[in-house]
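Trainee: Residue numbers (the working numbering): 117 to 411. The C-beta atom is built at its ideal place from N, Cα and C for all residues, glycine as well. My questions will all concern the structure given below.
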Ligand SMILES: NC(=O)c1ccc[n+]([C@@H]2O[C@H](COP(=O)([O-])OP(=O)(O)OC[C@H]3O[C@@H](n4cnc5c(N)ncnc54)[C@H](OP(=O)(O)O)[C@@H]3O)[C@@H](O)[C@H]2O)c1
């Protein structure tokens, strides 16, 4: 029996979940969502997995409002750590492999070269600590598991937590004539959920468990990402780079969180650039304009 014979997707209505449902559409994946399937309710997960017997469960579900996690650590750990622990146990008992989505925030950002999968986590925030705990708890059950760490997600469905994407927010504010100040001192690889979902399918097909870093290729700051959004959308914006010190937040974020996609390279898969991912996203949303030439 192949790993992907019966695929189930937890959090199928999220922005990554929506694109995973599409990436595995030919396999008619099973959608597992709240309230019937709840990471905070181990019995609900055990019952549905025993009933449907998937061969691979892909978990996108998380409490990932990074600021709220600082003030609600119990909820962050209930979902991202203990919920994932219970999910891993239920998967092992049902004979299913687990592919779990984690984050670039597991690193502290002190590095100056992309983090390989083997780099030791050093989380800075409650959210990040809870995600590292989830990763570690999965491993204790001894089943077949994959952890896919990604960065700066955006997708056509929009984040369920934020109700929108960074690009949509930027475009809405620019159209309203707002002056935009965007941080220029965090290095990231914004990643299109359709590209990430395609890579996750390739990882499942490889049947090589372990940790994978999956991001669009290249690097930019949020300011550079915003500038490229306006360029590709063909919209003039009043955009100014600022330092993160000018936007104090409760949660500390890594200043540098590039992920070397070494595991992907080993299975012969490469990701499009972040600019190509953005273009595909804007096109899918009907937001692509006549871009001005790059300056
Ligand atoms: N967004 C980013 O920039 C980013 C960056 C790196 C890593 N990640 C990770 O990527 C994953 C997917 O993110 P996303 O942006 O696609 O998230 P999203 O759009 O907010 O979707 C999250 C999904 O999780 C579900 N969910 C939340 N709590 C749940 C629970 N207790 N039980 C069952 N389902 C629950 C939500 O269900 P409802 O539909 O009921 O709300 C929603 O469908 C997360 O694991 C996140 O930590 C995200």
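(1) Looking at residue 404: is its Cβ nearer than 8 Å to the Cβ of residue 349?
(2) In the DSSP output, what is residue 328 paired with across the bridge?
(3) Specify the secondary structure class of residue 360 as computed by DSSP and reduced to three states.
(4) Is any heavy atom in ligand 1 found nearer than 7 Å to the beta carbon of residue 155?
(5) Using the rule of at least 16 other Cβ atoms within 10 Å of the residue's Cβ for burial, across every protein chain shown, is residue 117 buried or exposed?
(6) Quick check: is any heavy atom of ligand 1 less than 7 Å from the C-beta of residue 180?
(7) For residue 155 versus residue 211, is the C-beta spacing smaller than 8 Å?
(8) Answer with buried or exposed for residue 381, where buried requires no fewer than 16 other C-beta atoms within 10 angstroms of its C-beta.
(9) In this structure, does DSSP put residue 234 in helix, strand or coil?
(10) What does the alpha-carbon distance come out to for the pair residue 362 and residue 321?
(11) For ligand 1, is there a heavy atom less than 7 Å away from the beta-carbon of residue 224?
(12) Would you grab the beta carbon distance between residue 339 and residue 299 for me? Rounded to a whole angstrom, and I think it's under 8 Å.
(13) At a cut of 8 Å, does the region 176-185 reach the region 223-239 through at least three beta carbon pairs?
Mentor: Reading it off the structure:
(1) Contact flag set, yes.
(2) BP columns for residue 328 point to 264.
(3) In the structure shown, residue 360 sits in a helix (DSSP, three-state: H, G or I).
(4) Annotation for residue 155 indicates a beta carbon within 7 Å of some heavy atom of ligand 1.
(5) So residue 117 counts as exposed.
(6) The closest heavy atom of ligand 1 lies less than 7 Å from the beta carbon of residue 180.
(7) No, the Cβ-Cβ distance between residue 155 and residue 211 is not below 8 Å.
(8) Label assigned to residue 381: exposed.
(9) Residue state, collapsed to three classes: coil.
(10) A straight-line Cα-Cα distance of about 45 Å links residue 362 and residue 321.
(11) Checking every heavy atom of ligand 1 against the Cβ of residue 224, none is found closer than 7 Å.
(12) At roughly 6 Å, the Cβ-Cβ gap stays under 8 Å, so residue 339 and residue 299 are in contact.
(13) Segments in contact, no.
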